[in-house]
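> Quick one: this structure, given as structure tokens, is what I'll be asking you about.
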Amino acid sequence: MKYFGVVEVGGCSVKGYGYIDGKLEEIPSIPVKLKENYQAKGKFTKEDKETLYQYVLKVKEDYGVVEVYGTSFFRKLSEEVKKSFLVEFFSKTGINFNIPTLEEECKYTVYGAIANIKHSNNIGVLVGGSTFTELAIVKDRQIIERQSLNFNAMDITNRYPDLKEDIATSNIKELLNETCSRMENIQNKTDILILAGGNYIMFYESMHYPLKENIFFLDDNEPYYIEKENMERYDEQYFYQTSLEQVKKENANTKIWWDGTRGMRICIDAVVNAIDAKFIVPTKISMTSGIIEMLKNSN
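Here the sequence shown is numbered in the numbering used here, starting from 770 and rising by one per residue.
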């Protein structure tokens, strides 16, 4: 019997997965304001660290073997702070805390998106974090083209701060044109773009975008798709008709995450145009998904 747990620690939340003999279980995530409180106080708070330790120890108790990975927030810490945090984390849990490079994070995420699908043509995978955006074009489960994009959700939101106001006022077409101009030419085009690196399914379902059952490949992690024209139409509604304050009120545990969602819409629309995608497949696949696939297939 194979069993293990994987925990992903982000700047504002911690989430986990448990695997027992072929069955993957999603462990409820918890909000932990590691990034917000660290930036405010210049150190990790005792309360935040204790919450993290207890979550990891519970996963360890339930699944025995646990791997823990930090996201991009941890890469930006000074070497001194990282070393201190890693030493304390191990002393409290007996588990190593891994901080992947950006390249490793993207590799794991892309692998998680393509590991269980069969498709003969090119597929695009957009790995979108709050502070980075990576695009990979995949054929036969191999990356044939990759581009690190010089824009991301936070960057665009900082450039156009009205995007996190209740109703946006910036011209969406002007934002899109400006963002597209910052991309290099993509050689390999594709009809299908998979969205990974964030909980895109939660966004599309919460905002009632017209999702359809995925007809391109069978994978429980990628159950839907949306046509480009419908996505763009609903994006405009999200900018100019949807009350962001009301959305955040209804999603109190993730309200900080919602501040970057209009910026991310621009990232996605720019990539869709650049690769001539017609169909967009939202997922909640993260680097953890790829790590789980690798662990499942290891000896």
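The beta-carbon is built from N, C-alpha and C at its ideal position, and this holds for glycine as well. Because the structure is a prediction, the values reported are computed rather than measured.
#1: Nearest CA to the CA of residue 886: which residue from 963, 823 and 896?
#2: For residue 915 versus residue 883, is the C-beta distance shorter than 7 Å?
#3: Return the Cβ separation of residue 1004 and residue 926 in integer angstroms, given the expectation that the two are a contact with Cβ distance under 8 Å.
#4: Pull up the DSSP beta-bridge partners for residue 915, would you.
#5: With residue 787 and residue 777 assumed to form a contact (beta carbons below 8 Å), what rounded beta-carbon distance in angstroms separates them?
#6: Would you kindly check if the distance between the Cβ of residue 913 and the Cβ of residue 893 is under 7 Å?
#7: Can you tell me the Cα-Cα spacing of residue 1065 and residue 822, whole angstroms?
#8: Work out the CA separation of residue 1045 and residue 997 for me, nearest whole Å.
#9: Is the number of C-beta pairs between the stretch 952 to 959 and the stretch 1001 to 1016 that are closer than 8 Å three or more?
#10: Rank 775, 773, 772 and 782 by C-alpha distance to the C-alpha of residue 1023 and give the top, closest one.
#11: Would residue 897 be called buried (16 or more neighbouring beta carbons within 10 Å of its own) or exposed?
#12: Just to check my reading of the structure: residue 785 and residue 801 have Cβ atoms closer than 8 Å, yes? What is that Cβ distance to the nearest angstrom?
#13: Taking 7 Å as the limit between beta carbons, can you name the residues of its chain near residue 816, skipping five residues before and five after?
#14: So for residue 881, helix, strand or coil by DSSP?
#15: I'd like the span of the beta strand (DSSP E) that includes residue 856, first residue to last.
#16: If you pair each beta-carbon of the stretch 868 to 878 with each one of the stretch 1048 to 1063, do three or more pairs fall below 8 Å?
#17: With a 10 Å radius around its C-beta and 16 neighbouring C-beta atoms as the bar for buried, classify residue 772 as buried or exposed.
#18: Taking only the alpha-carbon atoms, compute the straight-line gap between residue 864 and residue 942 and give it to the nearest angstrom.
#19: Out of 931, 1033 and 949, point me to the one whose CA is closest to residue 966's CA.
#20: How long is the line joining the alpha carbons of residue 880 and residue 987, rounded to whole angstroms?
#21: May I have the straight-line CA-CA distance separating residue 803 from residue 812, to the nearest angstrom?
Reading from the atomic positions:
#1: Locating residue 886 in the sequence shown gives position 117, where the first residue counts as 1. Ranking the options by Cα distance to residue 886, first place goes to 963.
#2: Here residue 915 is taken as the residue at index 146 of the sequence shown, counted from 1. Here residue 883 is taken as the residue at index 114 of the sequence shown, counted from 1. Taking 7 Å as the cut-off, the Cβ atoms of residue 915 and residue 883 do not count as close.
#3: Sequence index remark: in the sequence shown, residue 1004 carries index 235 (1-based). Sequence index remark: in the sequence shown, residue 926 carries index 157 (1-based). Taking 8 Å as the upper bound for CB-CB distance, residue 1004 and residue 926 are not in contact here, some 15 Å apart.
#4: Your numbering for residue 915 matches position 146 in the sequence shown. Looking at the DSSP assignment, residue 915 forms a beta bridge with 905.
#5: As a first step, residue 787 must be located in the sequence shown, where it is residue number 18. As a first step, residue 777 must be located in the sequence shown, where it is residue number 8. Contact doesn't hold; Cβ gap of about 13 Å is too wide.
#6: Numbered from its first residue, the sequence shown carries residue 893 at position 124. Numbered from its first residue, the sequence shown carries residue 913 at position 144. Cβ distance not < 7 Å, so residue 893 and residue 913 don't count as in contact.
#7: As a position in the sequence shown, residue 1065 is number 296, starting the count at 1. As a position in the sequence shown, residue 822 is number 53, starting the count at 1. Here the C-alpha atom of residue 1065 lies approximately 25 Å from the C-alpha atom of residue 822.
#8: Position 228 of the sequence shown holds residue 997. Position 276 of the sequence shown holds residue 1045. Each residue's Cα considered, the two are about 10 Å apart.
#9: Taking 8 Å as the limit for Cβ pairs, the verdict is that the stretch 1001 to 1016 does not touch the stretch 952 to 959.
#10: Within the sequence shown, the letter at position 254 stands for residue 1023. Of the residues 775, 773, 772 and 782, the one whose Cα lies closest to the Cα of residue 1023 is 782.
#11: If you number the sequence shown from 1, residue 897 lands on position 128. Residue 897 sits buried, since 16 or more C-beta atoms from the chains shown fall within 10 Å of its C-beta.
#12: Working through the sequence shown from its first residue, we reach residue 785 at position 16. Working through the sequence shown from its first residue, we reach residue 801 at position 32. Contact between residue 785 and residue 801 fails: their C-beta atoms lie close to 12 Å from each other, not under 8 Å.
#13: If you number the sequence shown from 1, residue 816 lands on position 47. Closer than 7 Å at the Cβ level, and outside the excluded window around residue 816, lies no residue.
#14: Numbered from its first residue, the sequence shown carries residue 881 at position 112. If DSSP states are grouped into helix, strand and coil, residue 881 belongs with the helices.
#15: Walking along the sequence shown from the start, residue 856 turns up at place 87. Element bounds for residue 856: not the beta strand (DSSP E) but the alpha helix (DSSP H), 848 to 862.
#16: Output reads yes: the stretch 1048 to 1063 touches the stretch 868 to 878.
#17: Counting from 1 along the sequence shown, the entry for residue 772 is found at position 3. Its Cβ having fewer than 16 others within 10 Å, residue 772 is exposed.
#18: Translated into positions along the sequence shown, residue 864 becomes position 95. Translated into positions along the sequence shown, residue 942 becomes position 173. If I take the Cα positions, the gap works out to 48 Å.
#19: Counting from one through the sequence shown, the residue named residue 966 turns up at place 197. The residue from 931, 1033 and 949 with its alpha-carbon nearest to that of residue 966 is 1033.
#20: Taking the sequence shown and counting its residues from 1, one reaches residue 880 at position 111. Taking the sequence shown and counting its residues from 1, one reaches residue 987 at position 218. Roughly 16 Å between the two C-alpha positions.
#21: Within the sequence shown, residue 803 is the residue found at index 34, counting from 1. Within the sequence shown, residue 812 is the residue found at index 43, counting from 1. C-alpha separation (whole angstroms): 9 Å.
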